[in-house]
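**Q**
In the working numbering, the protein residues as written are 724 to 946.
#1: Are residue 804 and residue 846 closer than 8 Å when you measure CB to CB?
#2: Going by Cα to Cα distance, which pick from 839, 916, 926, 799 is closest to residue 823?
#3: Going by DSSP in three states, residue 865 sits in which element: helix, strand or coil?
#4: Look up residue 811 in the DSSP assignment and say whether it is helix, strand or coil.
#5: Measure the beta-carbon distance from residue 669 to residue 896 and round it to whole angstroms, keeping in mind my assumption that it falls under 8 Å.
#6: Which two residues bound the contiguous beta strand (DSSP E) that contains residue 802?
#7: Could you check whether residue 867 and residue 840 sit closer than 8 Å to each other, using their CB atoms as the reference points?
#8: Relative to the C-alpha of residue 776, which residue among 752, 857, 733, 831 is closest?
#9: May I have the straight-line CA-CA distance separating residue 722 from residue 849, to the nearest angstrom?
#10: Would you mind sorting residue 933 into buried or exposed? The rule is 16 or more other CB atoms within 10 Å of its CB.
#11: Closest to residue 794 by CA distance: which of 741, 834, 913 is it?
#12: How about residue 756 and residue 909: are their beta carbons less than 8 Å apart?
#13: Using three-state DSSP, classify residue 825 as helix, strand or coil.
#14: Identify which residue in 762, 857, 796, 787 has its Cα closest to the Cα of residue 748.
#15: Go ahead and label residue 878 buried or exposed: buried means 16 or more other beta carbons lie within 10 angstroms of its beta carbon, across all protein chains shown.
#16: Ignoring anything shorter than 3 residues or poking outside the region 734-767, list the beta strand (DSSP E) runs there in chain order.
#17: Which residues share a DSSP beta bridge with residue 918?
This is the structure:
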């Protein structure tokens with residue numbers, strides 16, 4: 724299990740999270756939702772042990788930051804191999820599985836700086852998967868991907884959870900979060916305002932985004 728209890732966090736002296744209690748267990752796919760500036764990324768970084776006082780465990784927890792990019796023009800296979808650094812090996816089988824899971828095996832010898840934005844994002848996800856972590860934390864993992872690729876990646880994350888991993892992802896698209904996540908955690912102004920199944924948490928999520936639910940359960944912007 725990964726989580727925080729009655730957790731407060733501040734950045735540059737400004738409070739960002741206020742008394743949040745949240746835990747995720749193996750076999751769960753949890754989506755963290757909320758408007759910009761709500762504290763979602765800060766919460767995810769706290770779960771990863773990346774805030775002051777935290778203790779990251781890179782062998783068991785893989786964290787994919789929002790807009791993650793490669794600093795050097797490495798090949799896709801070399802990018803994925805970086806996920807093996809915490810284990811101190813270059814397990815080719817683990818790398819191959821990660822590339823296959825992300826649908827980029829045929830790109831393994833392509834340089835990442837010569838890929839489309841969506842392909843590069845898949846390569847960075849492959850790096851996280853190559854770690855073979857018990858917990859996978861992802862900040863906007865489907866941003867910049869086309870609709871079909873978004874569904875493919877979220878279906879993959881759902882399968883990883885079904886296989887026993889703990890998966891926690893920040894997602895902005897409520898329809899995708901509701902379609903794939905087991906739980907919806909809604910953060911607004913640094914406070915947790917809902918933590919429930921997607922159906923139960925959706926009204927709070929809609930309010931947090933300044934939206935409302937209409938009779939057919941679709942989302943509509945408040946005038």
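C-beta atoms are modelled at their ideal positions from N, C-alpha and C, and glycine is treated no differently.
**A** Looking at the coordinates:
#1: Their beta carbons are not under 8 Å apart, which means residue 804 does not touch residue 846 by this criterion.
#2: 799
#3: The DSSP-derived three-state label of residue 865 is coil.
#4: coil
#5: With the chain running from 724 to 946 in the structure shown, residue 669 is simply not present.
#6: Counting along the chain, residue 802 sits inside no beta strand (DSSP E); it lies in the alpha helix (DSSP H) bounded by residues 799-804.
#7: yes
#8: 733
#9: The structure shown does not extend to residue 722, since the chain is modelled only from 724 to 946, so the question has no answer here.
#10: By the 10 Å Cβ count, residue 933 comes out exposed.
#11: 834
#12: yes
#13: coil
#14: Ranking 762, 857, 796, 787 by Cα distance to residue 748 puts 857 first.
#15: exposed
#16: 737-747, 752-756
#17: 908
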